[in-house]
Amino acid sequence: MNLQVETLDTHEARLTISVDKALFARARQETARALSRQVRIPGFRPGHAPMPMVIRAVGGEEAFNVEVVERLMKDLYPQALDQAGIEPYAPGQIEDIRIADTA
């Protein structure tokens with residue numbers, strides 16, 4: 009994880025978190041496995057559907073990537089706050105997601 013912190017005039021901080029390909033790939037696998045347990049995919053036992061079938065079942069690559077990012081942020085956001093030494097007084101929000109390479 010690569011972290012950049014920008015302090016804004018509104019007493020807010022903007023965190024830019026970059027994730028390496030290996031971590032993103034692992035998060036994609038974990039998300040696909042978790043979703044395949046939740047979503048019924050005909051012809052496959054729960055938790056055993058291949059990633060392309062899971063992606064299709066949840067609405068395509070874009071919808072799947074939103075799930076992946078949400079899963080990553082649950083783990084990375086607290087780490088980023090600790091690393092930056094920030095104690096938030098309100099929950100953060102995701103403003104922009106950029107995925108350079110999903111392979």
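9 is the number of the first residue of the sequence shown in my numbering; add one for each residue after it. C-beta: ideal position from N, C-alpha, C; glycine also.
Worksheet item: What do you get for Leu16, buried or exposed, if any count of 16 or more other CB atoms within 10 angstroms of its CB means buried?
Response: Leu16 should be labelled exposed.
Worksheet item: Mapping DSSP to helix, strand and coil, what is Leu11?
Response: Strand, per DSSP.
Fill in: Every unbroken alpha helix (DSSP H) within the region 25-109, with a cutoff of 4 residues, ordered by chain
Counting only runs of 4 or more, we get 29-46, 59-65, 69-92.
Fill in: Cβ neighbours of Asn10 in the same chain (closer than 6 Å, five flanking residues each side left out)
Ser26.
Worksheet item: Any contact of the region 19-34 with the region 84-92, i.e. 3+ C-beta pairs under 8 Å?
Response: Flag = yes, the region 19-34 and the region 84-92 touch.
Item to complete: Determine the direct distance from the alpha carbon of Tyr85 to that of Glu38, and round the result to whole angstroms.
Response: The alpha-carbon of Glu38 is positioned some 18 Å away from that of Tyr85.
Worksheet item: Apart from the five residues on each side of it in sequence, which residues of its chain come closer than 7 Å, Cβ to Cβ, to Leu43?
Response: So the qualifying residues of the chain are Val62, Val66, Glu75.
Item to complete: State the DSSP-derived secondary structure class of Leu16, mapped to helix, strand or coil.
Response: Three-state result, Leu16: coil.
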